[in-house]
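Those protein sequences? They're chains A and B, same order as listed.
Just so it is clear: in the first sequence, position 152 is 163 by this note's numbering, and no numbers are missing.
Just so it is clear: in the second sequence, position 86 is 90 by this note's numbering, and no numbers are missing.
Just below is one structure, and these are the notes that go with it.
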Amino acid sequence: MKSNQFAPAGSILDLVARARASDQPAAFAIRPTVRIGSASLIPVAIDNGNDALKGAVLRRDPALPDGEGVRSLLTTLRVPTAFAVAEEIQGRQEITYECDGVAFWTGATALSHGGDALRLGPTVQRLDDERQRWFIGAGIVELLRTAGYAPGEHQIALTLAVPNTEIVIERDEKGVEQLTLDAQTRQSLTRHLKGKTWTITRIDDARQPERWTITVGSVLPQAQTTGTVVALTRAPNGKAMLDLAGMRVIDIGGGDLHVCEVVFRPAQMINRRPGDGTIRIARALRHDRRFAQTIRNDVEAQQALVRQTVTRSSRSVSIGEDVQRVVASKGNAMVADVLAELSDSAMFVVITGGGVLLLHELLVSVLQQEAKEQGRDYLLVDGPLASELNAIGVLFGLIFRAAGK
Amino acid sequence: MARGIEHRPGKTRRLIAGLRISQQDEALLDTVRPFFPEADTEGELAYRLWRRGLDVTLAEAVGIGASLPPGISEEGIARLAIQRLLLCLPLFRRTNLLALLGLEIAPSISPPDIEAKLASISGPEEPVDEHAAAAIMSLGGSEFL
């Protein structure tokens, strides 16, 4: 089956999937900056999941002649949520960040040096941990760098995909009900991220320290499911590409298997958590006695699932068969949950999230037996895009929102 | 048409091959012909194209270890071949092959240049749909902090 062939034609998902299928960066005829008030800011999207931070940003296509045309290229990034205080290395240097006088490693580098998983849970609890804030800052630096921005000072408009459960219904001053951010999360984001400046020095094996100063000019929190909805239903210029009254989004994440029913007019969001996400598979692996010494925490277990290898006595060991075994047992239970959510829905259903990659074979084989038809009744977002879709969608959500400000 | 012996001042060439070309090749030949105004015969044009191919093929062969005839240096061959490839760069760049092969890193945008570059953008831009912002707000994306 061709990956993501059922994505609505002309939607952001469709364009990104097509570009990736031809090994090209996704390109859009929109500007890579937004104007908020008098400031021109680089829009940066972060989906800080339990297993990994996913980021998305645009930059002007460097192939455009100076002063001609508008064309932006999309860059995405995934960094496992692991953190370790950096140590002195003699020999090849790891990518190391230094912020507030602390040198640290993140992601795969942290994991390879015995790093810790970062705190899970709601935004409030996570942002209270200063390691989490350094981790996000370093993730933004790496994202901008990957996109081709040069070290220096950058002002960004940061949009965060927050858990749907942190979006609540409130009445505005006219008494009209609207979906908005809960007060605790708002306070936490205001305290920790609004106006935040990270000054980060990045060092790698080239041993040329780069100094990055990232200032958050504006923060726009969005429900993570908004990312999926935007990427599926909107074109890069915001035009509606799919005329639906609503949809049910089944997000197979690292921490949670999450179901969200979205109705567009009037706006409603109903959230359920049928169970854990791929963490239940990862924990089965972690609690296997054979991996007691090699998989020490949840994020290492998630990484072992993705890579299908572990490091044992300085050797990279393939654990493909073990992964298949736990996916077959725990994964089937998850697929059963997904199938139940699909079967009993009268709405269009979207199945997405990083777990899709892991459960792909199981999902495809059961969905083929399903009376519902892909494209008409449901959509399985395929490949790495399933993990990045929320970040990509909220990036465009920020751009649309800024244009209408 | 090709002549048996080419007589040019200071140069003598031996006929070593005749060319039988397809209609498609002929069409391609018509595309490049205007770029060789100095080639006043079909044979002269064929020789120039053959010579270009020989330069690049020689560089390929030497690159994997072939020995050169006496008096011809690797540097000389490399210089000839690179001239041919340099002329192809705009095409490689337009088709994104350089970046794809990792031969060219997209130039970084230095922070002070960003505003200047943005101010100078004047090409066709797709305006954001007026209803899109309202859709984001209705889904909870209402607050810029």
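Note that CB positions come from ideal geometry on N, CA and C, so glycine has one too.
Given the structure is predicted, the values throughout are model-derived calculations rather than measurements.
Listed along chain A, the residues sitting closer than 9 Å to R97/B by beta-carbon distance are A74.
Comparing alpha-carbon positions, the option among V367/A, D355/A, I292/A lying closest to D333/A turns out to be I292/A.
At a beta-carbon threshold of 9 Å, the residues of chain B lying near T201/A are L149, ordered along the chain. Taking the beta carbon of G106/B as reference, no residue of chain A falls within 8 Å; the closest one sits roughly 12 Å away. Here W116/A is buried: its Cβ has 16 or more other Cβ atoms, across all protein chains shown, within 10 Å. At a cut-off of 8 Å between beta carbons, E79/B makes no contact with chain A.
Under the three-state reduction of DSSP output, N15/A falls in the coil class, being neither helix nor strand. By the neighbour-count definition (other C-beta atoms within 10 Å, threshold 16), V346/A is a buried residue. Using a Cβ-Cβ cut-off of 8 Å, L90/B does not count as an interface residue toward chain A, since no Cβ of chain A sits closer than that to its own. Using a Cβ-Cβ cut-off of 8 Å, P174/A does not count as an interface residue toward chain B, since no Cβ of chain B sits closer than that to its own. For T196/A, same chain residues with a beta-carbon under 8 Å away, outside a window of 5 residues either side, are P133, T134, V135, V173, E177, P232 in chain order. The Cβ-Cβ distance between G265/A and T289/A falls below 8 Å. Between V260/A and V361/A, the C-beta spacing is below 8 Å. Residue pairing by DSSP puts Q385/A in a beta bridge opposite Y389/A. Per DSSP, reduced to three states, the secondary structure at F40/B is coil, with no helix or strand assignment. Neighbours of P94/B across chain A, judged by C-beta separation under 7 Å, do not exist; the nearest C-beta is about 11 Å away. For K207/A, the CB contacts under 6 Å within the same chain, skipping 5 residues up- and downstream, are V227 in chain order.
CA-to-CA, the gap between I180/A and S51/A works out to about 31 Å.
The C-alpha of S354/A lies about 20 Å from the C-alpha of T236/A.
By the rule that beta-carbons nearer than 8 Å mark a contact, L253/A does not touch chain B. With fewer than three CB-CB distances shorter than 8 Å, the segment 82-94 of chain A does not count as touching the segment 378-392 of chain A. Excluding the 5 residues flanking it on each side, I25/B has same chain C-beta neighbours closer than 8 Å at L33, in chain order.
Counting along the chain, A397/A sits inside the alpha helix (DSSP H) bounded by residues 396-414.
Residues of the segment 175-209 of chain A with a C-beta atom less than 8 Å from some C-beta of chain B are I178, Q189, L190, T191, L192, R197, L200, T201, L204, K205, listed in chain order. Distance between C110/A and R218/A, taken at the CA atoms: about 17 Å. Taken atom to atom, the span from the alpha-carbon of S398/A to that of A295/A is near 21 Å. In the same chain as L374/A, and ignoring 5 residues on each side of it, the C-beta atoms closer than 8 Å to its own belong to V346, V349, I362, V367, L391, in chain order. Under the 8 Å Cβ criterion, the segment 56-66 of chain A counts as touching the segment 134-148 of chain A, having at least three qualifying pairs.
Under the 8 Å Cβ criterion, the segment 402-409 of chain A counts as touching the segment 236-245 of chain A, having at least three qualifying pairs. When 9 Å is used as the limit between beta carbons, L143/B is near these residues of chain A: I178, L190, Q233, A234, T236, T237, V240, V241, V273, F275, A278, M280, G408, in chain order.
Look at the segment 32-63 of chain B: it has no residue with a C-beta under 7 Å from a C-beta of chain A. About 18 Å separates the CB atoms of E105/A and P162/A; that is not less than 8 Å, and the two are not in contact. Counted as a single uninterrupted DSSP element, the stretch harbouring V360/A is not any alpha helix (DSSP H) but the beta strand (DSSP E) occupying residues 359-363. Distances from the alpha-carbon of I20/B to those of V66/B, I76/B, R83/B, W54/B put W54/B closest.
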